[in-house]
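Note sheet for the following structure.
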Amino acid sequence: MELRPYQCQAVEAVYEFLRTRDDNQCVVIPTAGGKTPVMATICRDAVQLWSGRVLIGGQGARRSAPPASRDAASLRRRRGR
Numbered sequence: 083m084e085l086r087p088y089q090c091q092a093v094e095a096v097y098e099f100l101r102t103r104d105d106n107q108c109v110v111i112p113t114a115g116g117k118t119p120v121m122a123t124i125c126r127d128a129v130q131l132w133s134g135r136v137l138i139g140g141q142g143a144r145r146s147a148p149p150a151s152r153d154a155a156s157l158r159r160r161r162g163r
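Counting in my numbering, the sequence shown runs from 83 upward without gaps.
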């Protein structure tokens with residue numbers, strides 16, 4: 083997969099961070115900015131180049147109502163309706 087220039091910069095920034103620091107990093111890329119290819123590149127390199135292992139976690143699907151519905155329901159409860 084070929085990354086866009088800003089995605090390559092994000093990957094390189096992660097590697098530089100890992101070389102020079104010992105704390106947690108956060109990469110911020112906007113919606114539709116290609117976070118998945120960046121993450122996939124870092125994971126691929128971890129496994130293929132450094133014989134590492136990768137675990138990917140996420141929030142998962144929520145079974146609650148959408149935020150707008152929750153907010154409306156919350157307002158009704160607060161007003162006693």
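Glycine included, every Cβ here is placed at the ideal spot set by N, Cα and C.
Values in this document were obtained by computation on a predicted structure and should not be read as measured data.
What's the gap between the Cα of residue i and the Cα of residue j?
{"i": "Cys125", "j": "Val136", "result": "6 angstroms"}
{"i": "Arg103", "j": "Tyr97", "result": "10 angstroms"}
{"i": "Asn62", "j": "Arg159", "result": "For residue 62 there is no data in the structure shown, the boundaries of the chain being 83 and 163."}
{"i": "Arg86", "j": "Arg101", "result": "23 angstroms"}
{"i": "Gly139", "j": "Met121", "result": "12 angstroms"}
{"i": "Gln89", "j": "Asp127", "result": "15 angstroms"}
{"i": "Gln130", "j": "Gln141", "result": "27 angstroms"}
Comparing C-alpha positions only, which one of the options sits nearest to residue i?
{"i": "Gln91", "options": "Ser133, Gly116 and Asp105", "result": "Gly116"}
{"i": "Val110", "options": "Val93, Gly134 and Gln141", "result": "Val93"}
Thinking C-beta only, is residue j closer than 7 angstroms to residue i?
{"i": "Pro119", "j": "Met83", "result": "yes"}
Can you name the start and end residues of the alpha helix (DSSP H) that residue i belongs to?
{"i": "Arg126", "result": "Lys117 to Gln130"}
{"i": "Leu137", "result": "That residue, Leu137, is in no alpha helix (DSSP H); it is neither H nor E in DSSP."}
{"i": "Glu94", "result": "Pro87 to Thr102"}
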